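Position 114 of the sequence shown, counting from 1, maps to 114 under full-length UniProt numbering, and the rest follow consecutively. Using N, Cα and C, we set each Cβ at its ideal position, and we do this for glycine too. As the structure is a computational prediction, the values presented were derived from the model and not from experiment. For reference, the structure discussed in these notes is given below.
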Amino acid sequence: MKTVDIVTALIVIALSSFVMLGTRHLAYWSEFAPGSAFAPFWVGAAGVVLGLLLLVATLRREAHEPNGFPDRLGFCRVLGVAAGLWLMVVAVPFVGFIAAGTAFCLVLLLLIERRPLVPSLATTAVAVGIVYGVFVAWLGISLPQGLLGI
């Protein structure tokens, strides 16, 4: 498992670096909004950081952990998350991105992860608030709205 993590980390670092280098000639910022290189730069930077973190954590780990496959409950959770994401994509044109994202977060936290109500509501509010703040308020990007204009 250690070898797999090292190879994965190196591939993530290489691909992320390739994305950053391949888009360096594009405009980072235009007159009023992010340019073509904005998203690739930050996705690439995040990939490099995460790849380095995985590499360091793997190299510091001594014991070989056995390959684990989720048990029945874990497999049901994975399917629940995948189904929830699919339903969110289907629901966005009808209810809007913010409403669909809010519903997905709540279903994930309350039904799949079985977290308490108040922390789940707070986490959902913060997550949706950050998405709205970054994309709508800061970057001026209009998120998909549903039939009711929400």
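My assumption, with CB atoms under 8 Å, is that Ile-150 sits in contact with Val-128. Please give the rounded CB distance.
Actually they are not in contact, since the Cβ atoms of Ile-150 and Val-128 sit about 12 Å apart, beyond 8 Å.
In terms of residues, what are the limits of the alpha helix (DSSP H) holding Phe-104?
It spans 97–106 - the alpha helix (DSSP H) in which Phe-104 sits, taken as one unbroken run.
Under the assumption that Ala-37 contacts Leu-26 (Cβ atoms under 8 Å), give the Cβ distance between them as a whole number of angstroms.
4 Å
Entirely within the UniProt domain "DUF1468" (7–144) and at least 4 residues each: give me those alpha helix (DSSP H) ranges in chain order.
38–60, 72–95, 97–106, 117–131
Is Val-49 near Val-19, with beta carbons less than 8 Å apart?
no
Since Ala-33 and Leu-139 should fall inside the 8 Å C-beta cutoff, what is the C-beta to C-beta distance between them, to a whole number of angstroms?
6 Å
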